[in-house]
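Participant: Structure below; questions to follow.
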Amino acid sequence: MSDSPSASYLPEHPPVTDWVHDFDHTDPVWTDDPFPIWETLRAASPVVHTERFLGCYMPTTYQAVKEIAYDTEHFSSRRVIVRDVRPEISARAPPITSDPPEHKPAKQVLLPPFTPDAMKRLEPRVRAICNELIDEFIADGHCDAAARYTKHIPVRAIAHMLGIPEKDGDLFIKWIHQILELGIKNEEELMNGVREMTGYFMAHLEQRKLEPGDDLISQLLRAKGPGGQPLTDEHVLGSLRLLLIAGIDTTWSAIGSSLWHLARTPADRERLTAEPALIPTAIEEFLRAYSPVTMAREVMKETTISGCPVKAGNMVLLSFPAANRDPAMFPDADKVVIDRKENRHAAFGLGIHRCVGSNLARMEMQVAIEEWLKRIPDFRLDPAGKVTWSEGTVRGPRQLPVLFGKNA
Amino acid sequence: MSKLKIRVDQDKCQGHARCKSLAPELFELDEYGNAHEVGDGTVPAGLEDKAWLAQTNCPEIAIEVTEE
């Protein structure tokens, strides 16, 4: 990664003073604490607009988010990140970047390896990964839980599924940082990340063609696309790009936010330690309250959303996290209620683009929290440290210093 | 007491699998992870609460519960 400015480095964003007419999801105030901002925007209108990012709307209510997610006629998924630039579309990642009718066959290829049953077979390995990580720091009485724990679980789990050495996970983390965080404002970083990732996977593709196995890459190479033809290399590479980009810092963030909440909430920590059967319900509530993933759409045709006109050529910041905080949909939307019974949250999206990895993410979150609480039931934020949050499309703690054991 | 019957609307289900997780006795998943009601959807006595729990947690509102 280069620190030197380059021609493709775009100007810094001026600080936001008028959130309702000039919102910016990369502003440091949003990154630090977006919840009051969403409340302000929701009070103003179900759909707000900013001139930044070459023009972008944001639906602020659950209803408006849902209308857009279900409307594939007026809203395209061909761009799924709201950025400063809109270059020609080159690196596709089907099915997340696909619209009907291409979407369904591309998605159906990926669904069978990610069913709940398939995840049950992966679960013992994930449990072992969590314990291997905890072994490395438990004696210290403190750690950065983001850097030492939450970050590595999804990377290693996906590497395991792909039949790739788990130690290559550090490369994955670097590419994702380039693509999802630096790439919002820096085209060169983004292209470097995509290029390196594509080269890496191309080598694995060639190797699997010679020696097929049971791993996910081999399964994709064996899969038949629409018309019964094998998938093209470009399609397989695109889907692998997707699995990495969508499957890693999302779950890393979700596990991190859950631990952040538990570090600050002794009553919830004690209850989940005493009643582990409640953990799956609590995970759903963490997914609602701290949804990590904001998606995007591009407006293709003028239409109306929740009574608000939206015009072609603009992007849409499709904030499932904001929808999940809408008090019209969730009573006590701003409270974390770990035994919430009715929870139709949209953390994994709504409609045809439901996250293909949702069963994987849920399994990883559940196992990560179970194993942590078994071995570290009592922990708190380190008052001498600082919690930092990722910027942009995926929100979660990137530094999470905690104390436990002798320091708890 | 009236009997409950459940049905998963195949046009609405997107495979979130919340129903299978909350009421495994009442729902099954196909190879793509999309849900179907078990059998003809009749809810056995004692599982009524689970049927409603599944219904109220489906993000796509794809589960219909009817009282016969």
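So the sequences go chain by chain: A and B.
Mapping of the first sequence onto our numbering: position 376 corresponds to residue 376, and the numbering continues sequentially without gaps.
Take any residue in the second sequence, note its place counting from 1, add 1000, and you have its number in our numbering.
Yeah, the Cβ is synthetic: ideal placement off N, Cα and C, and Gly gets one too.
(1) At least one CB of chain A closer than 8 angstroms to the CB of residue 1062 (chain B): is that the case?
(2) Any beta carbon from chain A within less than 8 angstroms of residue 1019 (chain B)'s own beta carbon?
(3) Could you round the C-beta distance between residue 363 (chain A) and residue 119 (chain A) to whole angstroms and report it? I think they count as a contact, below 8 angstroms.
(4) Output yes if chain A places a C-beta closer than 8 angstroms to the C-beta of residue 1016 (chain B); else output no.
(5) With the cut-off set at 8 angstroms, would you say residue 162 (chain A) and residue 217 (chain A) are in Cβ contact?
(6) Under a Cβ-count criterion, where at least 16 other Cβ atoms within 10 Å of its own Cβ denotes burial, should residue 340 (chain A) be classed as buried or exposed?
(7) Do the CB positions of residue 175 (chain A) and residue 259 (chain A) come within less than 8 angstroms of each other?
(8) Which of the three DSSP states is assigned to residue 55 (chain A) in this structure?
(9) Does residue 1047 (chain B) have its Cβ less than 8 angstroms from a Cβ in chain A?
(10) I want to know whether the stretch 299-309 of chain A touches the stretch 38-47 of chain A - three or more CB-CB distances under 8 angstroms.
(11) Are the stretch 101-117 of chain A and the stretch 216-233 of chain A touching, with three or more C-beta to C-beta distances below 8 angstroms?
(12) Tell me the residue span of the beta strand (DSSP E) that contains residue 232 (chain A).
(13) From B:1034, B:1030, B:1006, B:1002, pick the residue whose C-alpha is nearest to that of residue 1015 (chain B); which is it?
(14) Whose C-beta lies closer than 6 angstroms to the C-beta of residue 251 (chain A) among residues of the same chain, with five residues either side of it excluded?
(15) Quick one: which residues of the stretch 97-118 of chain A get their C-beta closer than 8 angstroms to a C-beta of chain B? List them in chain order.
(16) Label residue 12 (chain A) either buried or exposed according to how many other C-beta atoms from any shown protein chain fall within 10 Å of its C-beta, with 16 as the threshold for buried.
(17) Between the C-alpha atoms of residue 149 (chain A) and residue 272 (chain A), what's the straight-line distance to the nearest angstrom?
(18) What are the complete beta strand (DSSP E) segments, minimum 3 residues, inside the stretch 188-225 of chain A?
(19) Going along the chain, which residues of the stretch 332-347 of chain A sit with their C-beta nearer than 8 angstroms to a C-beta in chain B?
(20) Please decide whether residue 1031 (chain B) counts as near chain D, where near means a Cβ-Cβ distance under 8 angstroms.
(21) Check the Cβ of residue 351 (chain A) against every Cβ in chain B and list those closer than 7 angstroms, keeping chain order.
(22) Count the other CB atoms within 10 Å of the CB of residue 1066 (chain B); is the residue buried (16 or more) or exposed (fewer)?
(23) So what does DSSP say about residue 1060 (chain B), is it helix, strand or coil?
(24) For residue 131 (chain A) and chain B, any beta-carbon pair shorter than 8 angstroms?
(25) With distances taken from CA atoms, which of A:390, A:359, A:402 is nearest residue 1029 (chain B)?
(26) Quick one: which chain A residues come within Cβ less than 9 angstroms of residue 1053 (chain B)?
(27) Looking at chain B, which residues of the stretch 356-374 of chain A have a Cβ within less than 7 angstroms of any of its Cβ atoms?
(28) Should residue 398 (chain A) go down as buried or exposed, given a rule of 16 or more other Cβ atoms within 10 Å for buried?
(29) Relative to the alpha-carbon of residue 317 (chain A), which residue among A:244, A:337, A:186, A:392 has its alpha-carbon at the smallest distance?
Facilitator: Inspection of the coordinates gives the following:
(1) No, residue 1062 (chain B) does not count as interfacial toward chain A.
(2) At least 8 angstroms separates the CB of residue 1019 (chain B) from every CB of chain A.
(3) A Cβ-Cβ separation of about 4 angstroms places residue 363 (chain A) in contact with residue 119 (chain A) under the 8 angstroms criterion.
(4) Chain A places a beta carbon closer than 8 angstroms to that of residue 1016 (chain B), counting this residue as a contact.
(5) The criterion of a C-beta distance shorter than 8 angstroms is satisfied by residue 162 (chain A) and residue 217 (chain A).
(6) The residue in question, residue 340 (chain A), is buried, as its Cβ has 16 or more Cβ neighbours within 10 Å.
(7) No; because the gap between Cβ atoms is not below 8 angstroms, this pair is not in contact.
(8) In this structure, residue 55 (chain A) counts as coil in the three-state DSSP scheme.
(9) For residue 1047 (chain B), no Cβ of chain A is located within less than 8 angstroms of the residue's own Cβ.
(10) Under the three-pair Cβ rule at 8 angstroms, the stretch 299-309 of chain A counts as touching the stretch 38-47 of chain A.
(11) Cβ pair count under 8 angstroms is three or more, so yes.
(12) In this chain, residue 232 (chain A) is not harboured by any beta strand (DSSP E), its DSSP state being neither H nor E.
(13) Taking residue 1015 (chain B) as reference, the option from B:1034, B:1030, B:1006, B:1002 with the minimal CA-CA separation is B:1034.
(14) The beta carbon of residue 251 (chain A) lies closer than 6 angstroms to those of 154, 361, 364 in the same chain, with the five residues before and after it left out.
(15) Listed by position, the residues of the stretch 97-118 of chain A near chain B (Cβ gap below 8 angstroms) are 108, 111, 112, 114, 115, 116, 117.
(16) Here residue 12 (chain A) is exposed, its C-beta having fewer than 16 other C-beta atoms within 10 Å.
(17) If you take the alpha carbons of residue 149 (chain A) and residue 272 (chain A), they lie about 19 angstroms apart.
(18) Given a length threshold of 3 residues, the stretch 188-225 of chain A has no whole run of the beta strand (DSSP E) inside it.
(19) Contact residues of the stretch 332-347 of chain A toward chain B are 341, 342, 343, 344, 345, 346 (C-beta to C-beta distance below 8 angstroms).
(20) Annotation note: the requested chain D is absent from the structure, which comprises protein chains A and B.
(21) From the beta-carbon of residue 351 (chain A), the residues of chain B found nearer than 7 angstroms are 1014.
(22) By the neighbour-count rule (16 or more Cβ atoms within 10 Å), residue 1066 (chain B) is not buried but exposed.
(23) Annotated three-state conformation of residue 1060 (chain B) is coil, per DSSP.
(24) No - not a single Cβ of chain B is within 8 angstroms of the one on residue 131 (chain A).
(25) The candidate whose alpha carbon is nearest that of residue 1029 (chain B) is A:359.
(26) Contacts between residue 1053 (chain B) and chain A, judged by CB atoms closer than 9 angstroms, involve 341, 342 in chain order.
(27) Close to chain B, meaning a Cβ-Cβ distance shorter than 7 angstroms, are the following residues of the stretch 356-374 of chain A: 358, 359.
(28) Here residue 398 (chain A) is buried, its C-beta having at least 16 other C-beta atoms within 10 Å.
(29) Answer by Cα proximity: A:392.
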